[in-house]
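Enquirer: Okay, handing you the structure first.
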Amino acid sequence: MYGALWRALPGPWWVRVIILIVLVAAVAAALVFWVFPWVDQFISGQEVTVE
Amino acid sequence: MSDGPEAAPSDLAPAGGRRARRQAERRGAGRKRRVSVIGVIGELLITAGVIVLFFISWQLWISELIVGKEQQAQAQQLNQEWNDQARETPEPSDTPEPDPTEEPGDSAPPPVQTAPANAVKFAALVVPRWGADYYRTIAEGVGTAEVLDKGKLGHYPTTQMPGAVGNFAIAAHRMGHGGSLHYIDELQLGDHIYVETSDGWYEYSFRNLEYVKPTGIGVLDPVPQDPAAAPAERYITLTSCNPEHTSAERIIAYGVYDRFYPRDASAPAFGAPDEIAQTVSTGA
Chain X
0 MYGALWRALP
10 GPWWVRVIIL
20 IVLVAAVAAA
30 LVFWVFPWVD
40 QFISGQEVTV
50 E
Chain A
0 MSDGPEAAPS
10 DLAPAGGRRA
20 RRQAERRGAG
30 RKRRVSVIGV
40 IGELLITAGV
50 IVLFFISWQL
60 WISELIVGKE
70 QQAQAQQLNQ
80 EWNDQARETP
90 EPSDTPEPDP
100 TEEPGDSAPP
110 PVQTAPANAV
120 KFAALVVPRW
130 GADYYRTIAE
140 GVGTAEVLDK
150 GKLGHYPTTQ
160 MPGAVGNFAI
170 AAHRMGHGGS
180 LHYIDELQLG
190 DHIYVETSDG
200 WYEYSFRNLE
210 YVKPTGIGVL
220 DPVPQDPAAA
230 PAERYITLTS
240 CNPEHTSAER
250 IIAYGVYDRF
260 YPRDASAPAF
270 GAPDEIAQTV
280 STGA
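From first to last, the protein sequence lines stand for chains X and A.
First residue of the first sequence: 0, per numbering that gives the first Met the number 0; consecutive thereafter.
First residue of the second sequence: 0, per numbering that gives the first Met the number 0; consecutive thereafter.
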């Protein structure tokens, strides 16, 4: 899977590495800003109030 | 000796060798291109594991940084709006100017606002012990989704407002969701806790910590833990979870009211106490 991705990328190895770094950063940002906050609603968090 | 004939061409003619290697790679790639199902499943499982670890580190650390910054920006924005209000409507403070030797608001009771609608931000919290960039908003209500999980501190609607005789009780997360009360256990006797509203800054001094069961609503009494007593003092109560990461107990921090610093457009830093002037004036 990742081998196929590596071969699909154009250019010399350092261009591929740069593309991969950008891709990983984009995926990480999407996870942190959208996916994780969304998932978090369904995970029961800590309770901080007295009742 | 056996690898001599193979090694020799690349040593003698590097360019040809590289080309040969690339051809070999391409041949190898051609062979590997038939992706095995097991291989893909393995890679997916590794990816899932990495994402789960990333999620946990997000819950524990990354979100606290992000939400903390968000909260700081929101509090600065509130502060900016309040400063603009104060600038536009200069208070008639020059007429009934009290004795200049007296600390402002030392004896006179501080202003008390009425509680806003649920989930509306009406105040900000500044605690120098928790760093110069600690600046969070306080909203009405302790709803999880609309207040606490957004990183805000929530005001228990059954308790009094800042400056009122009685108890101003607020709750916030300890870990994750901004962790607005992460360092609640590091408060020390006499540490100042400032609650900022459009009127100014209420200064409270930290007294003590208490650990209670999740049902320990006595901490919200006008005189904490003494439901029969008639309040004569102004208290602040902070509640969060204990131990960190869990909901088994609650950690409670109590403070008592010292004085009020009115917001004053003509004063340096709008009349904010020196100790927190830097924190609350970052918007300039």
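Ideal placement from N, C-alpha and C gives every residue a C-beta, glycine not left out.
Since this is a predicted model, take the numbers as computed values, not measurements.
Name the chain A residues that come within less than 9 angstroms of X/F35, Cβ to Cβ?
Expert: For the purposes of this step, residue 35 of chain X is identified with residue 36 of the first sequence, where counting begins at 1. Residues of chain A passing the Cβ test: F53, F54, W57, Q58, I61 and S62.
Enquirer: Where A/D34 and A/I250 are concerned, what is the direct C-alpha to C-alpha distance, given to the nearest angstrom?
Expert: Here the question's residue 34 of chain A lines up with position 35 in the second sequence. Here the question's residue 250 of chain A lines up with position 251 in the second sequence. Rather than Asp, the amino acid found at residue 34 of chain A in this sequence is Val. For A/V34 and A/I250, the distance between alpha carbons rounds to 55 angstroms.
Enquirer: Could you name the residues of the region 213–237 of chain A whose beta carbon sits closer than 9 angstroms to any beta carbon of chain X, in the order they occur along the chain?
Expert: Cβ contacts with chain X come from P213, T214, G215, I216, G217, V218 and L219.
Enquirer: Hey, does X/A29 have any beta-carbon neighbour from chain B nearer than 8 angstroms?
Expert: Any reference to chain B falls outside this structure, whose protein chains are X and A.
Enquirer: In chain order, what residues of the region 150–172 of chain A put their CB closer than 8 angstroms to some CB of chain X?
Expert: Correct list: G153, Y155, A170, A171 and H172.
Enquirer: Can you list, in chain order, the stretches of the alpha helix (DSSP H) that have 4 or more residues and sit fully within the region 43–94 of chain A?
Expert: Fully enclosed alpha helix (DSSP H) runs of 4 or longer: 62–87.
Enquirer: In angstroms, rounded to a whole number, what distance separates the CA positions of A/L152 and A/A74?
Expert: Counting from one through the second sequence, the residue named residue 152 of chain A turns up at place 153. Counting from one through the second sequence, the residue named residue 74 of chain A turns up at place 75. Spanning the two alpha carbons is a distance of roughly 11 angstroms.
Enquirer: Work out the CA separation of A/T46 and A/K120 for me, nearest whole Å.
Expert: Taking the second sequence and counting its residues from 1, the one referred to as residue 120 of chain A is at position 121. Taking the second sequence and counting its residues from 1, the one referred to as residue 46 of chain A is at position 47. Rounded to whole angstroms, A/K120 to A/T46 spans 40 angstroms at the Cα level.
Enquirer: Go to X/P36, then tell me how far its alpha helix (DSSP H) extends in each direction, as first and last residue.
Expert: Indexing the first sequence from 1 puts residue 36 of chain X at position 37. Residues F35 to D39.
Enquirer: According to DSSP, is A/D257 helix, strand or coil?
Expert: Here residue 257 of chain A corresponds to residue number 258 of the second sequence, with the count starting at 1. DSSP places A/D257 in strand when its eight states are reduced to three.
Enquirer: For A/V141, does the three-state DSSP call read helix, strand or coil?
Expert: By one-based count along the second sequence, residue 141 of chain A stands at place 142. Coil.
Enquirer: Name the DSSP bridge partner or partners of A/K120?
Expert: Reading the second sequence from its first residue, position 121 is the one you call residue 120 of chain A. Paired residues: A/A138.
Enquirer: With burial defined as no fewer than 16 other Cβ atoms inside 10 Å of the residue's Cβ, what is the status of A/D220: buried or exposed?
Expert: Reading the second sequence from its first residue, position 221 is the one you call residue 220 of chain A. So A/D220 ends up on the buried side.
Enquirer: Go ahead and pull the three-state DSSP assignment for A/I169.
Expert: On the second sequence, position 170 is the one that residue 169 of chain A refers to. If DSSP states are grouped into helix, strand and coil, A/I169 belongs with the strands.
Enquirer: My output table needs one value for A/G199: the three-state DSSP class, helix, strand or coil.
Expert: For the purposes of this step, residue 199 of chain A is taken as residue 200 along the second sequence, with counting starting at 1. Of the three classes helix, strand and coil, the one that applies to A/G199 here is strand, per DSSP.
Enquirer: I'd like to know whether the C-beta atoms of A/I169 and A/Y203 end up nearer to each other than 8 angstroms.
Expert: Counted from its first residue, the second sequence places residue 169 of chain A at position 170. Counted from its first residue, the second sequence places residue 203 of chain A at position 204. No.
Enquirer: Name the chain X residues that come within less than 7 angstroms of A/S246, Cβ to Cβ?
Expert: Numbered from its first residue, the second sequence carries residue 246 of chain A at position 247. Going along chain X in sequence order, the residues near A/S246 (Cβ under 7 angstroms) are Q45 and E46.
Enquirer: Taking just the CA atoms, how far does A/A229 sit from A/I61?
Expert: Taking the first residue of the second sequence as position 1, residue 61 of chain A is located at position 62. Taking the first residue of the second sequence as position 1, residue 229 of chain A is located at position 230. Their Cα atoms are separated by approximately 44 angstroms.
Enquirer: Assuming A/G199 contacts A/F259 under a Cβ cut-off of 8 angstroms, what Cβ separation, rounded to an integer in Å, is found between them?
Expert: As a first step, residue 199 of chain A is located in the second sequence; it is residue number 200 there, counting from the start. As a first step, residue 259 of chain A is located in the second sequence; it is residue number 260 there, counting from the start. About 6 angstroms separates the two Cβ atoms, so the contact holds.
Enquirer: What are the boundary residues of the alpha helix (DSSP H) that includes X/R15?
Expert: The residue labelled residue 15 of chain X in the question sits at position 16 within the first sequence. Segment W12 to A29, the alpha helix (DSSP H) holding X/R15.
Enquirer: Pull up the distance between the alpha-carbon of A/P108 and that of A/G165, whole angstroms please.
Expert: For the purposes of this step, residue 108 of chain A is taken as residue 109 along the second sequence, with counting starting at 1. For the purposes of this step, residue 165 of chain A is taken as residue 166 along the second sequence, with counting starting at 1. Cα to Cα, the separation comes out at about 13 angstroms.
Enquirer: Using the three-state DSSP reduction, which class does X/G2 fall into: helix, strand or coil?
Expert: Counted from its first residue, the first sequence places residue 2 of chain X at position 3. Correct three-state label for X/G2: helix.
Enquirer: Can you tell me where the beta strand (DSSP E) with A/I235 in it begins and where it stops?
Expert: Indexing the second sequence from 1 puts residue 235 of chain A at position 236. Where A/I235 is concerned, the enclosing beta strand (DSSP E) stretches over R233 to N241.
Enquirer: From the DSSP output, read off the bridge partner residues of A/L152.
Expert: What you label residue 152 of chain A is simply residue 153 of the second sequence in a count that begins at 1. A/I137.
Enquirer: Whose Cβ in chain X lies nearer than 7 angstroms to the Cβ of A/L147?
Expert: Counting from one through the second sequence, the residue named residue 147 of chain A turns up at place 148. In chain order: V47.
Enquirer: Using 8 angstroms as the threshold, is the C-beta distance between A/L147 and A/H181 below it?
Expert: Here residue 147 of chain A corresponds to residue number 148 of the second sequence, with the count starting at 1. Here residue 181 of chain A corresponds to residue number 182 of the second sequence, with the count starting at 1. Not in contact: A/L147 and A/H181 (Cβ atoms no closer than 8 angstroms).
Enquirer: Since A/L208 sits in a beta bridge, which residues does DSSP pair it with?
Expert: Reading the second sequence from its first residue, position 209 is the one you call residue 208 of chain A. DSSP lists A/A252 as partners of A/L208.
Enquirer: Near A/T157, which residues of its chain fall below 7 angstroms by C-beta distance, leaving aside the five closest residues on each side in sequence?
Expert: Here residue 157 of chain A corresponds to residue number 158 of the second sequence, with the count starting at 1. Here the set comprises L219.
Enquirer: Looking at the C-beta of A/E101, does it have a partner C-beta in chain X at a distance below 8 angstroms?
Expert: As a working note, residue 101 of chain A is residue 102 in the second sequence. Any reading at A/E101 must be qualified, since the residue scores a pLDDT of 47, below 50, and its modelled position is unreliable; no value is offered.
Enquirer: When the Cα of A/S239 is compared with those of A/G41, A/P272 and A/H172, which residue comes out closest?
Expert: For this step, residue 239 of chain A is matched to residue 240 along the second sequence. Here the closest residue by C-alpha is A/H172.
Enquirer: In the DSSP assignment, find the unbroken alpha helix (DSSP H) run with A/A229 in it and report its ends.
Expert: The residue given as residue 229 of chain A occupies position 230 in the second sequence. From DSSP, A/A229 is part of no alpha helix (DSSP H); its letter is neither H nor E.
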